[in-house]
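Scroll down for the structure; my scribbles are underneath it.
Protein chains: 2
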Amino acid sequence: MSDSDDLSTAAEPGYALDAFDRRILARVQSDCHRPAESIAAEIGLSASAVQRRLRRLRERGVIRAEVALLDAAALGVGLTLIAGIGFEREHYAALARLRALLAPEPAVQQAYSTTGDDDLVVILRVADMPAYDRLCARWMAQVPQIGRITTQVVIEPLKVGLALPVPGGD
Amino acid sequence: MSDSDDLSTAAEPGYALDAFDRRILARVQSDCHRPAESIAAEIGLSASAVQRRLRRLRERGVIRAEVALLDAAALGVGLTLIAGIGFEREHYAALARLRALLAPEPAVQQAYSTTGDDDLVVILRVADMPAYDRLCARWMAQVPQIGRITTQVVIEPLKVGLALPVPGGD
DNA sequence: TGTGAAATTTAAGATAG
DNA sequence: CTATCTTAAATTTCACA
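Chains A and B, in that order, give the protein sequences. By full-length UniProt numbering, the letter at position 135 of the first sequence is numbered 135, and the numbering carries on one by one without gaps. By full-length UniProt numbering, the letter at position 109 of the second sequence is numbered 109, and the numbering carries on one by one without gaps.
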């Protein structure tokens, strides 16, 4: 129940978004509590049309979830870290094991499997460095084939969000 | 209006969250449309008490925003990239200029100022590589002091979310 | 904090352009 | 597909004890 955001729910293709959909999406992705009528007035549609579209967008999975964004400092997880993880070629199979380990971890905000220097890039939020140390120690213990973990400490999060660019959303 | 998530709104300290607050937060951060009564029943509180707490949490900035998470593929921004940006020591002042440039960029999902190999780590979503090329070209043109941009292409987003770990939230 | 009433919002259906 | 209107249900807001 803790983590809603694996990407298992992908929107079905085949249905294109029209300009109205995009304008609705641009609005709910910055505030999903706005009444349909308020959106309707802004984009020139009736409230029921907006509700109909919202329902369909949710059903199709275009809207994946509606969530509250919390203040990290208030929750005592003020430390953000970016970890680049690399595997040696001969242990590449162990990557799958680590992936399975990372996703359920509450401290893990995001995890990306990448090309380039790292095999995995992980963004995490913890209370302090000792907490991060404990995490790394656990991972290394459970997946000893990890080649290296390169950690960057975040000085300041300049922008933190998941709002996607919506082409005709203005 | 496009980007709600710079961190300008920090929750005021001085008010501690109690166990009820944390249990409420843990729930709304995975679904902010849940009726207060449903949450209330789960944590053993009345619906209006939950509403009152939600309002206070919003006012204090503990709840920073309530937003819809959209499907990247449906919006045609299926390509995720992680860019590490570095400056030479003598051009370090130009970093502030680039920071100001990055935040308003719709393609920029997150930007972190970091210690370590990179001065800046940026996660972005674009339609395709040419789109990314254009972005980089613009940045390099507007801030020529950029030393290097090391790009990692995301093969697969394993976990994408902003749900923070909530200590007593179960 | 809880209870209960009022106001708002959502949801669903029916009709028509 | 849309707008409008109607009805019902669900939810939030606000008074008060």
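From the three backbone atoms N, C-alpha and C, an ideal C-beta is built for every residue, glycine too.
Strictly by DSSP, which residues pair up with residue i?
i, result
"E66(A)", "A68(B)"
"G84(B)", "V121(B), T150(B)"
"P144(A)", "According to DSSP, which records beta bridges pairwise, P144(A) is partnered with nothing at all."
"residue 171(A)", "Outside the displayed span of chain A (1 to 170) sits residue 171(A), for which this structure offers no information."
"V108(A)", "L124(A)"
Can you find a CB in chain B that lies within less than 8 Å of the CB of residue i?
i, result
"residue 171(A)", "As shown, chain A starts at 1 and ends at 170. That puts residue 171(A) outside it, with no answer to give."
"S113(A)", "yes"
"G44(A)", "no"
"V50(A)", "no"
"R56(A)", "no"
"L75(A)", "yes"
"G61(A)", "yes"
"D133(A)", "no"
"P82(A)", "A quick correction: the sequence has Ile, not Pro, at residue 82(A). Taking Cβ atoms only, chain B reaches closer than 8 Å to I82(A), which makes this a yes."
"R138(A)", "no"
"Q29(A)", "yes"
"S4(A)", "Note that S4(A) has pLDDT 44, beneath the 50 cutoff, so the model's placement of it is unreliable and no number is given."
"P35(A)", "no"
"D18(A)", "no"
"D128(A)", "no"
"G168(A)", "no"
"A72(A)", "yes"
"R148(A)", "no"
"R64(A)", "yes"
"A93(A)", "no"
With a cut-off of 8 Å, does the C-beta of residue i fall near any C-beta of chain A?
i, result
"A96(B)", "no"
"E156(B)", "yes"
"L79(B)", "no"
"L101(B)", "no"
"M1(B)", "Annotation note: pLDDT 40 at M1(B) (below 50); position unreliable, coordinate value reported separately. Output row for M1(B): interface = yes."
"Q145(B)", "no"
"I85(B)", "no"
"L7(B)", "At L7(B), the pLDDT of 47 sits below 50, so the modelled position is not reliable and the matter cannot be decided from this model."
"A39(B)", "The amino acid occupying residue 39(B) in the given sequence is Ile; Ala does not appear at that position. Taking Cβ atoms only, chain A never reaches closer than 8 Å to I39(B), which makes this a no."
"Q142(B)", "no"
"E88(B)", "no"
"R125(B)", "yes"
"A107(B)", "yes"
"A47(B)", "no"
For residue i, which of helix, strand or coil comes out of DSSP?
i, result
"S113(A)", "strand"
"P130(A)", "helix"
"residue 176(B)", "Residue 176(B) lies beyond the stretch modelled for chain B, which goes from 1 to 170, so this question has no answer here."
"L135(A)", "helix"
"L158(A)", "strand"
"L164(B)", "coil"
Less than 8 Å separating the beta-carbons of residue i and residue j?
i, j, result
"A74(B)", "V62(A)", "yes"
"I85(B)", "D119(B)", "yes"
"P165(B)", "R99(A)", "no"
"V28(A)", "D31(B)", "no"
"A53(A)", "F20(A)", "The question names Ala, but residue 53(A) is Arg in the sequence shown. Their beta carbons are under 8 Å apart, which means R53(A) touches F20(A) by this criterion."
"V153(A)", "L81(A)", "yes"
"F87(B)", "G147(B)", "yes"
"L102(A)", "L158(B)", "yes"
"residue 205(A)", "G116(A)", "For residue 205(A) there is no data in the structure shown, the boundaries of chain A being 1 and 170."
"Q51(B)", "A94(B)", "no"
"L162(A)", "V160(B)", "yes"
Please tell me whether, using a cut-off of 7 Å, the distance from the CB of residue i to the nearest non-hydrogen atom of the ligand NAP is below it.
i, result
"V28(A)", "In terms of ligand content, the structure shown is empty, and the ligand NAP therefore cannot be addressed."
Contiguous beta strand (DSSP E) assignments of at least 3 residues, all confined to the UniProt domain "HTH asnC-type" (17 to 78) of chain B: Segments of the beta strand (DSSP E) lying fully in the UniProt domain "HTH asnC-type" (17 to 78) of chain B: 63 to 70.
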